[in-house]
Amino acid sequence: MRHQLFIDGRFVDAESGETLPTLNPHDNTPIVDVAMAGKADVDKAVQAAQRALPAWSAMAAMDRGRILLRLADLIESHAEELARLESLDTGHPIRDSRGLDVPRTAVNFRYFGGMADKLQGDQIPVEAGFLNYTLREPIGVVGQVVPWNFPLMFTSWKLGPALAAGNCVVLKPAEITPLTSLRIAELLSEAGLPDGVVNVLPGLGGVAGQYIAEHPAIGKIAFTGSTATGQRIVQASAGNLKKVQLELGGKGANIVFGDANLDAAVNGAAWAIFHNQGQACIAGSRLVLHESIADEFLARFVTLARSVRLGNPLDENTEMGPLTSAQHRDRVLSYVDVALAQGGEILAGGKAPGGALSQGCYVEPTVVRVKSWRDRVAQEEVFGPFVTVITFKTDEEALQIANGTEYGLGAGLWTGSLQRAHKFAREIKSGMVWINSYKRVNPASPFGGVGKSGYGREMGFEAMREYTQVKSVWVNVDAVVPPHFKR
Ligand code: NAD
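This is the structure in structure tokens:
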């Protein structure tokens, strides 16, 4: 298990010698002490990245892509090891780590491996006598700060486009889940990545993360995490006017209309909120139900929520594991009191399970009927297996509720009406809309938000744009002499 900083192609201790334990959220026992990067380590990593940049950015794009394709193969051949490591460190049920996190990570790297040599500039028709074209150039050294909810997958979302476009990277995983990104760094070396191109620095957000955001030699920072931290990053980045890409929180509305297929909607709504213990920025954390189907929907949904199998993430039967830290479990549970104080009604869950699971960071699947869509639990990101329920009468009301938060990341609609589906898709203020499904992601499809959910897009060709800057080149093909100052 790798537990040191990865700088310039080698695993090394932090300059300070300090470490931080990473815990197993199933029972809060320590897994391993991990080196904790400070400012001196960030400086070392940035210098290594700067040294690696000229050769890496000048390498044929197809050769850069080939390294990412080899990495994707290596991830597949180490799939079981990576899945177990992710489950151990984060609490993801092993069935999800095996079935989603690891395969999606491989697919993301493969997609961007294939994308490396598809990044083209344009030839732009300008005035006669001139050729104008654009070059898409890498930004240089980029900083990436990854959260703890999907550490392995988000490492691939961030590294894939950055590397394909020819940048060098200083990446900080979250302090509580550093293990799989360190292993990815090692596999990248095995795939042939030159030393210094990727540096992985576990460490505290307020220290190493903050310094990456401030660093004058880093040209861009990409961040996934809370809106409050995103705002701090924007401020810290101002010193050298870094390019900033933010993928922040969400409060996804999942609207079920009277004409929906209820079997699909109930199942899809459970997936939307309970997958990954609800620790997903795109979680469908607000159920918005038409009054005509609300009772039947809720009867089925609550029964399903109560039947979700909580347990040790390494147990193949487990459907929901622990939250990723005790601190986060306490934060999620604190929202039960917030809901009750505003007249909310707990329809399922609302507590930590007892018995053997009480040592871990578990929270029961929780369903809360709220009095108003303006209540705190229907506005703030809880980021756990905690869904609010509200009913509506008219489409106008549903739209008002859906758009009634500061966030705008993902939203779902369940309806049999084509016209209504497209109308809502157009009117909802969010970066992604799922119709008769929820939480679909694919490396080819842009991912990101509006409002306090951030800006910039991951995935797809949009991500390649985010990791490049455009240079416009003018060529005076016909030797045109400018008319001004002609003598
Ligand atoms: P956070 O935003 O503080 O942490 C996410 C990452 O940011 C971690 O790697 C952390 O080390 C780093 N970080 C923290 N402070 C930083 C700083 N000043 N500069 C640079 N990097 C910094 O989130 P949290 O405190 O762990 O969780 C709080 C809430 O954030 C959650 O309850 C949830 O609502 C939200 N969250 C959202 C996502 C998402 O996928 N959008 C992920 C994690 C957390």
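Residue numbers (my numbering): -13 to 473. Just so you know, even glycine gets a beta-carbon here, dropped at the ideal spot from N, CA and C.
When DSSP assignments are scanned along the region 342 to 388, the uninterrupted stretches of alpha helix (DSSP H) that are 4 or more residues long and fall wholly within it turn out to be 381 to 388. According to DSSP, residue pairing for S458 in a beta bridge involves T120. Judged by beta-carbon spacing, D245 lies within the 8 Å limit of T401, meaning their Cβ atoms are closer than that value. When secondary structure is reduced to three states using DSSP, T5 falls in the strand class. For R426, no beta strand (DSSP E) encloses it, and the DSSP letter there is neither H nor E. Assignment of beta-bridge partners to A239 by DSSP yields R272 and A397. 8 Å or more divides the Cβ of V230 from the Cβ of F260.
For K357, the number of other beta carbons within 10 angstroms of its own is below 16, and it is reported as exposed. Taking C-beta atoms as the reference points, I17 and L9 count as a pair closer than 8 Å. Per the DSSP secondary-structure output, D19 pairs in a beta bridge with P7.
The continuous stretches of alpha helix (DSSP H) do not include A46, and DSSP gives it neither H nor E. Across the set L168, G51, Q217 and D29, the C-alpha of G51 shows the shortest separation from the C-alpha of G178.
Per DSSP, G85 lies in no beta strand (DSSP E) segment and is marked neither H nor E. With a cutoff of 7 Å, H314 counts as near the ligand NAD, since its C-beta is closer than that to a heavy atom of the ligand. Relative to the Cα of V184, the nearest Cα in the group E176, A208 and L149 belongs to L149. With respect to V368, I332 sits apart: the two C-beta atoms are not nearer than 8 Å. Of all C-beta pairs linking the region 208 to 217 to the region 230 to 242, three or more are shorter than 8 Å, placing the two stretches in contact. The three-state reading of DSSP puts M(-13) in coil, since its state is none of H, G, I, E or B. Per DSSP, the beta-bridge partners of C154 are V127.
In this structure, G126 sits near L39, with a CB-CB distance shorter than 8 Å.
Residue environment analysis places M445 among the buried positions, since at least 16 neighbouring C-beta atoms fall within 10 angstroms of its C-beta.
Bridge pairing for W420: G398 [DSSP].
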